[in-house]
Every structure is written in structure tokens, then in C-alpha cells.
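Down below is the structure, laid out as C-alpha cells.
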Amino acid sequence: MKEFDDLVDELNLSFRTAPVPDGSFEIEVDGQALDISWGWNDINVHELEKADPRCIWTVLDCDGKLFVANGMHYVNRLYYLVSNEAFRGEMDTFIF
4 MKEFDDLVDE LNLSFRTAPV PDGSFEIEVD GQALDISWGW NDINVHELEK
54 ADPRCIWTVL DCDGKLFVAN GMHYVNRLYY LVSNEAFRGE MDTFIF
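If you count by this note's numbering, then the sequence shown holds residues 4 to 99, one letter each, in order.
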């Protein structure tokens, strides 16, 4: 399985968390506080609806290990990322 950082470097991708969190809930990822306080009924979810589906990535918790999968996934998701470029490869999962 490929490392997500290698893919980011190879394709020169940048990401933003989406929808925009409101600051009320944080989790720790790699020693950094990450705000995932967005709500599905909130106006911020429309940011994902507007994004190219090939630019959406899902950060997943699988038995305590973090993975990133291209596309929008619901099971085991922690949060979504939106990339600056559409991913044109095959559906894949990467180690976060």
C-alpha cells in the first residue's frame, strides 16, 4: 500500500479540510489538533456538493490506523479533504 505523502509529493497536491469546521470539536492526528466540528445539516456541507468528486478524499480510521481513500466514503470516516487537482488514477487507499 502506498504512502499518502508520496502521492502528494508526486502529484504536487495540496488539500483543505472540508466542510469548514467551526472550532467546537478536535481530534489529535499525528500530534496535531484537527478540528472536525462540521455538521451534516450545516451550510458548510454544500462546499462538498460543489467540489469535483475526483477532488474529494476521505480520512478513515481503520482499527486505530489512519488511511486516506480517494472519493467520498461514509463508513469509518473522520473527515474529508478537498485537493487542488482532480485525482485521475484508479480508486485506491493510501496510508496516512
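No residue lacks a Cβ here, since even glycine has one placed at the ideal position from N, Cα and C.
ask   = Rounded to whole angstroms, how far is the Cβ of valine 62 from the Cβ of tyrosine 82, which I believe are closer than 8 angstroms?
value = 5 angstroms
query = Nearest to glutamate 88 by alpha carbon, out of Glu6, Lys5, Glu13 and Asp64?
reply = Glu13
key: Residue from Leu10, Arg19 and Thr96 with nearest C-alpha to leucine 69   = Among Leu10, Arg19 and Thr96, the Cα nearest to that of leucine 69 belongs to Thr96.
task = Work out the CA separation of methionine 4 and glutamate 31 for me, nearest whole Å.
result = 23 angstroms
task = Report yes if the C-beta distance between phenylalanine 7 and valine 85 is below 8 angstroms; otherwise report no.
result = No; because the gap between Cβ atoms is not below 8 angstroms, this pair is not in contact.
Residue of Trp60, Cys65 and Asp64 minimising C-alpha distance to serine 17 = Trp60
inquiry  = Going by DSSP in three states, leucine 16 sits in which element: helix, strand or coil?
reply    = coil
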